[in-house]
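First comes the structure, then the notes that go with it.
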Amino acid sequence: QINPDDIKRGVIDYSMVLLDTTADGASIFKPIPDKIRELRDEIFTTDGAASPLAKGTDLADLMRQENARILVRNGTYSEGLSLRSADYFKTFGANVVGTDNASEVTTVTRIIDHSGSPYALQYFRDLFKFSSSSQVILSYDPNATVDVEIILGDDWSLNNPMP
281 QINPDDIKRG VIDYSMVLLD TTADGASIFK PIPDKIRELR DEIFTTDGAA SPLAKGTDLA
341 DLMRQENARI LVRNGTYSEG LSLRSADYFK TFGANVVGTD NASEVTTVTR IIDHSGSPYA
401 LQYFRDLFKF SSSSQVILSY DPNATVDVEI ILGDDWSLNN PMP
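If you want it as structure tokens, here you go:
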């Protein structure tokens, strides 16, 4: 029998999440992965944080370590934008596994996260200089063939740092 005093407990509190709003207006909590890892380590190890948090402080390095499979879609009338952008993203070490055209034209770039890839999301949010959290769509799908979809909009087509 297990002594109840030997059971460790933890709570995911407000310091471990960010308040956000989905594209359809729902209020959600988005976990802060490193804070959740700290809590996990406190509960499941005898010496506190046994496993390191994500290694590195450079966001590009963290994105590379995460190795999220990325699909880049062109949501503009600018021919070849997804291919040129994918090549550009690869220069930073992004794991771009494909390019395609989006099903519709869009004025703003959006990112769809299918598997929980926080470093890729943050890297591309910063790169695209997103002005709204509604440009990131959380759509968990364990059967998805990619982790992250980037749908390029006119904002990226008309103003980007690509050579």
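Residue numbers (our numbering): 281 to 443.
We treat Cβ as the ideally placed atom computed from N, Cα and C, and that holds for glycine.
Minimum C-alpha distance to residue i - residue among the options
i	options	result
Phe410	Ala306, Leu432, Ser295 and Pro422	Leu432
Glu359	Tyr368, Asn381, Glu346 and Asp338	Asn381
Ser414	Gln281, Thr356, Asp435 and Ile391	Ile391
Asp421	Tyr403, Asp393 and Leu407	Asp393
Asp406	Phe309, Ala306, Asp338 and Arg317	Asp338
Arg353	Thr386, Ile430 and Asn439	Ile430
Asn440	Lys310, Leu361, Thr302 and Leu299	Leu361
Ile308	Leu298, Val385 and Ile316	Leu298
Beta-carbon proximity check, residue i vs residue j, cutoff 8 angstroms
i	j	result
Leu401	Val416	yes
Tyr368	Met296	no
Gly378	Leu351	yes
Asp424	Ser395	It is worth fixing the name first, because residue 424 is Ala in this sequence and not Asp. Result yes, Cβ atoms of Ala424 and Ser395 sit closer than 8 angstroms.
Met343	Tyr403	yes
Leu418	Thr301	no
Asp434	Thr356	yes
Cβ shell of residue i (< 8 angstroms), same chain only, five flanking positions each side left out
i	result
Asn347	Asn375
Ser397	Glu346, Ala348, Asp427 and Val428
Sequence-distant residues of the same chain with beta carbon closer than 7 angstroms to residue i, five excluded per side
i	result
Gly290	Leu319, Glu322 and Ile323
Leu363	Thr379
Spatial neighbours of residue i in its chain, beta-carbon cut-off 6 angstroms, leaving aside the 5 residues before and after
i	result
Trp436	Thr389
Minimum Cβ-Cβ distance from residue i to chain B less than 8 angstroms
i	result
Tyr368	Of the protein chains in this structure there is only one, and it is not chain B.
Which parts of the stretch 305-365 are runs of the alpha helix (DSSP H), unbroken and 4 residues or longer, counting only runs that do not cross its ends? 313-324 and 339-346
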